[in-house]
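Take a look at the structure below.
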Amino acid sequence: MPKPTPLSVLPKGTRLLCGGDLTIEVPDEVAERFRPGDAVVVVEATAEVLLIPEAERRLAREAVGSAEAAFASVSAASDAAISRFFERFAEQLESEAIWSAIEQANHEDVADAERRDRSTTRLATSADMRRGMIAGLRGWARAPSRRGQVLERVEHDGWTTELVGAALGVVAFVFEGRPNVLADATGVVRGGNCVVFRIGRDALRTAKAIMRSALTPALADAGLPEGTVRLLESAEHAAGWALFGDRRLSLAVARGSGPAVATLGAIARQAGVPVSLHGTGGAWIVAAQSARAERLGAAIADSLDRKVCNTLNTLCLPRARAAELVPVALRALEQAGQRLGEPYKLHIVEGSEQFLPAELFAREVAVHRAHGVVKERQVERLPEAELGHEWEWERTPEVTLTIVDDVDHAVALFNRYSPQFIASLVSEQPDEHERFYAAVNAAFVGDGQTRWVDGQKALDRPELGLSSWQSGRLFGRGGILSGDGVYTVRTRAQTRDGR
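Per the working numbering, the very first residue in the sequence shown carries number -9; after that it's consecutive.
In structure tokens form, the structure reads like this:
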């Protein structure tokens, strides 16, 4: 059997095997940058050729190795010691001196992001963010652990089988520039797990400040090893690629933009690592013919207070009541915009234009984008095939509207075009809600505003991420992944007569 040898040179035009029966050419840029010790990864699911420099490989290997070494101690640590970590972490964030240092780092991150025309709506720290981080940590301090919990017991003649919860291992976590996630996702430690984070460039200074001044000291105070929680101090995407390709991981969690998350997930799957992915969001609201106008308006307005993954993105109104409900929807959009001191932006699916006032197509409004304020038409046409596009707005609420024949038509569009994430039906008919729930292929189904889809709101505990069914239904768990959901199950037999 031939032995593999290290790659020392990568000529331009080299073709690599992809998917077993296809080849893909190495991009010139990858060939030019390659140096001995680097890794070249063919991502079969996305047909990408990625270069991972040796420095990023070494950084990820060291961090995972440190977490793996810490796992034995953490999985055996007492629940009281782990609770102590969360409580001390929360106390550190309550310190004005410590929070001031974190804010200073965050101000630098925000300024740098603005210079690069990057969105800062979720990057900037605030009093609300601070309170949320502290409350979440105290929630984990009080939360029960799955470790040692008997989940099921089966009695046999003379012996017993038990299914017992246990720590899972090392969790990798790659997320976008949201500093609060650094605190939320330490929830995996509640169950005796260790975690390695990689955060994007936008929030890296903030994350380093949180680690240095609050998180790492809290680990020490609780008697937990430093490797329990590690941060990859690299702004390179390749650091995340190297991390997710490490076969020692027990779970890889990614949240952020769709293409980036798809790449990360494909790398982890190729390495045999289970994944939890959240890359595409945007909720749909469907109005039935029985919908009450005031209830529909409230659902729309309350789903647009800010742009997050569970914000209303696509609105379906029934043709038979379009003349009545379109003005209701427009007033709700205007109300949502006024709350933020903004107008609104609307995309109308081609074929539905006649239901909107003609003057909206000519009206120009000031729309906040990541790169600044721009003048745009308030309403623009959109092909039906782009119904699933998620609008990443800054401060100006942005929604797609389409007119449908009925609820069944809306469900068919959702199942075909959406990320199969959140679907809400506004209807006064209970049987219609049951049919909707059975037919729509959504991970989260509601009957009004969509902003309830959040681990803290829905389950009273911080989330690691939300998963849609865009790539198939999830195996053995719900769409909300929380810290206490990261565990494994061991099986134990106990005899009563010693045989």
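Where a beta carbon is used, it is the ideal one built from N, C-alpha and C, also for glycine.
Check: Segment contact flag, the segment 255 to 269 with the segment 70 to 84, C-beta cutoff 8 Å, min 3 pairs; Outcome: no
Check: Contact check, Gly246 vs Pro452, beta carbons under 8 Å; Outcome: no
Check: Nearest-angstrom Cα separation, counted from Val160 out to Asn183; Outcome: 6 Å
Check: Collapsed DSSP secondary structure at Glu52 in the structure displayed; Outcome: helix
Check: Stretch pair the segment 185 to 198 + the segment 97 to 116: three plus CB contacts closer than 8 Å; Outcome: yes
Check: Thr481 versus Leu158 - alpha carbon distance; Outcome: 14 Å
Check: Rounded Cβ spacing between Met123 and Leu153 (contact assumed at less than 8 Å); Outcome: Rounded, the Cβ-Cβ distance is 34 Å, inconsistent with contact.
Check: Short Cβ contact (8 Å threshold) for Leu454 with Gly473; Outcome: yes
Check: Rounded Cβ spacing between Thr253 and Val20 (contact assumed at less than 8 Å); Outcome: That pair is no contact at about 14 Å.
Check: Reduced DSSP secondary structure (H/G/I, E/B, other) of Lys198; Outcome: helix
Check: Cβ neighbours of Ala131 in the same chain (closer than 6 Å, five flanking residues each side left out); Outcome: Ser73, Phe76 and Glu77
Check: C-beta atoms of Ala433 and Pro387 nearer than 8 Å; Outcome: no
Check: Inter-residue spacing [alpha-carbon to alpha-carbon] between Leu239 and Asp395; Outcome: 48 Å
Check: For Lys(-7), the three-state DSSP class (helix, strand or coil); Outcome: coil
Check: Backbone secondary structure at Val20 - three-state DSSP; Outcome: helix
Check: Helix, strand or coil at Trp383 [DSSP, three-state]; Outcome: coil
Check: Close beta carbons around Cys306, own chain, < 6 Å, minus the five adjacent residues each side; Outcome: Val276, Thr392, Val394 and Ala400
Check: Per-residue DSSP class, three states only, for Glu84; Outcome: helix
Check: First through last residue of the beta strand (DSSP E) which encompasses Lys365; Outcome: Gly362 to Arg367
Check: Assumed close pair Thr390, Ala156 - CB separation to whole angstroms, cut-off 8 Å; Outcome: The pair is not a contact, with the Cβ atoms about 45 Å apart (cut-off 8 Å).
Check: Strand pairing of Ser414, partner residues [DSSP]; Outcome: Ile275 and Gly436
Check: Neighbourhood of Glu343 by C-beta distance below 7 Å, restricted to the same chain and skipping five residues each side; Outcome: Arg371
Check: Validate contact between the segment 282 to 300 and the segment 350 to 363 using beta carbons, cut 8 Å, 3 pairs; Outcome: no
Check: Beta-carbon gap between Val339 and Glu374 smaller than 8 Å; Outcome: yes
Check: Residue burial classification, Thr151 (beta-carbon count within 10 angstroms, cutoff 16); Outcome: exposed
Check: Local Cβ density within 10 Å of Gln439, reported as buried at 16 or more and exposed below that; Outcome: buried
Check: Leu336 in three-state terms, based on DSSP; Outcome: strand
Check: Selected residue, minimal CA-CA separation from Leu214, among Glu46, Ala71 and Thr115; Outcome: Ala71
Check: Closer than 7 Å: Asp28 CB and nearest the ligand ATP heavy atom; Outcome: In the structure on display, the ligand ATP does not appear, and there are no ligands present to speak of.
Check: 8 Å contact criterion, which Gly177 and Ser135 should meet: CB distance rounded; Outcome: 11 Å between Cβ atoms; not a contact.
Check: Same chain only: Cβ atoms within 6 Å of Ala225, ignoring 5 sequence neighbours per side; Outcome: Arg191 and Leu194
Check: For Ala250, the nearest candidate out of Met(-9), Leu471, Pro26 and Ala35 (CA to CA); Outcome: Ala35
Check: Whole-angstrom distance between Phe79 and Ala66, CA atom to CA atom; Outcome: 20 Å
Check: Contained alpha helix (DSSP H) runs [length at least 4] in the segment 421 to 469, N- to C-terminal order; Outcome: 445 to 449
Check: Contiguous alpha helix (DSSP H) assignments of at least 4 residues, all confined to the segment 160 to 204; Outcome: 170 to 174 and 194 to 200
Check: Cβ-based neighbour list, Gly436, same chain, cut-off 6 Å, excluding 5 preceding and 5 following; Outcome: Ser414
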